[in-house]
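Engineer:
Here it is as structure tokens:
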């Protein structure tokens, strides 16, 4: 009598077999050998790479194992060279949950999809920019440079949390600085929980704690917040006081920040600022002092 295999375990078994079949021995650092008939890796080779018993792994591929532990699944994901999406799918099939994977600390602005860059540039009158979970500025449009200054996204202005807590001028122009700053701490607290093994995020948090008493105070009270929308006031050196709505949209691993006028006066001032400065900011003039985008 054939043993009944639950649908989820059958799907997990099929997933493992497919990923094993696509991985060649050379890719896993193993010799091919003269008489290989199996496409991809053998079961015993996967077991060896993941440091599990061959018998257990055979039962897993047959759908005859209970719920594997997360550490074992992580080892299998590494052995099979799974992508982050495949790694999460493996956990979902095996345990009914998706893990928080370590952040890719090598991610650079070049990783931003061309379609997102087109979207940014297609919003000519409203400042918009893209960040990662650390609030590193990955890309921005010309309107963002008009508002925040031509150095936005580079040097000390390459991270909006650093601008907010370490640039004295930012505190002056941010008329709602305590609220915006506290929201930023809450965002980074959530990011740290989701990416506990990200060394660049850890370095940023250590830097902010060592240079800002307010950051340390709010970090220690365990503020947690995922911002999605709000309103803030900024005092621009040329446009005067601006009241801006901000909306934050998640797009894959990135966050898209958009700033739009909250009243008619701001609408007029922002449009004038952007239209008069967009061309000038393509040069190297740095007379406009950046203000925080957080």
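In this note's numbering, the protein residues as written are 8 to 301. Cβ atoms here follow ideal geometry from the backbone N, Cα and C, with glycine treated the same way.
Cα-Cα, which of 15, 106 and 145 is closest to residue 1?
Structural biologist: With the chain covering only 8 through 301, there is no way to say anything about residue 1.
Engineer: Candidates 243, 271 and 72: which alpha carbon is nearest residue 102's?
Structural biologist: 72
Engineer: Hey, could you find the ends of the alpha helix (DSSP H) residue 197 is sitting in?
Structural biologist: 184 to 201
Engineer: Candidates 235, 186 and 153: which alpha carbon is nearest residue 131's?
Structural biologist: 153
Engineer: In whole angstroms, what separates the C-alpha of residue 296 from that of residue 79?
Structural biologist: With a pLDDT of 42 at residue 296, under the threshold of 50, the predicted position of this residue should be treated as unreliable, though the coordinate-derived value follows. Between residue 296 and residue 79, the C-alpha separation is close to 52 angstroms.
Engineer: Apart from the five residues just before and just after residue 293, which ones in its own chain have a Cβ nearer than 8 angstroms to its Cβ?
Structural biologist: The predicted model places residue 293 with a pLDDT of 39, which falls under 50 and marks its position as unreliable; any figure quoted below should be read in that light. The residues are 156, 157 and 158.
Engineer: Between which residues of its own chain and residue 38 is the CB-CB distance below 7 angstroms, once the five residues before and five after are set aside?
Structural biologist: 32
Engineer: Tell me which residues share the same chain as residue 270 and place their Cβ nearer than 7 angstroms to its Cβ, disregarding the 5 neighbours each side in the sequence.
Structural biologist: Here the set comprises 250.
Engineer: Return the residue from the list 280, 282, 201 and 267 that minimises the CA-CA distance to residue 133.
Structural biologist: 267
Engineer: Using the rule of at least 16 other Cβ atoms within 10 Å of the residue's Cβ for burial, across every protein chain shown, is residue 212 buried or exposed?
Structural biologist: buried
Engineer: Which of the three DSSP states is assigned to residue 133 in this structure?
Structural biologist: coil
Engineer: Taking just the CA atoms, how far does residue 122 sit from residue 92?
Structural biologist: About 20 angstroms.
Engineer: What separation, rounded to the nearest whole angstrom, lies between the Cα atoms of residue 245 and residue 280?
Structural biologist: 8 angstroms
Engineer: Which value, in whole angstroms, describes the spacing of the CA atoms of residue 94 and residue 191?
Structural biologist: Taking C-alpha positions only, residue 94 is separated from residue 191 by approximately 30 angstroms.
Engineer: Does the Cβ-Cβ distance between residue 57 and residue 89 come in under 8 angstroms?
Structural biologist: no
Engineer: Check the DSSP bridge columns for residue 144 and list the partner residues they point to.
Structural biologist: 138
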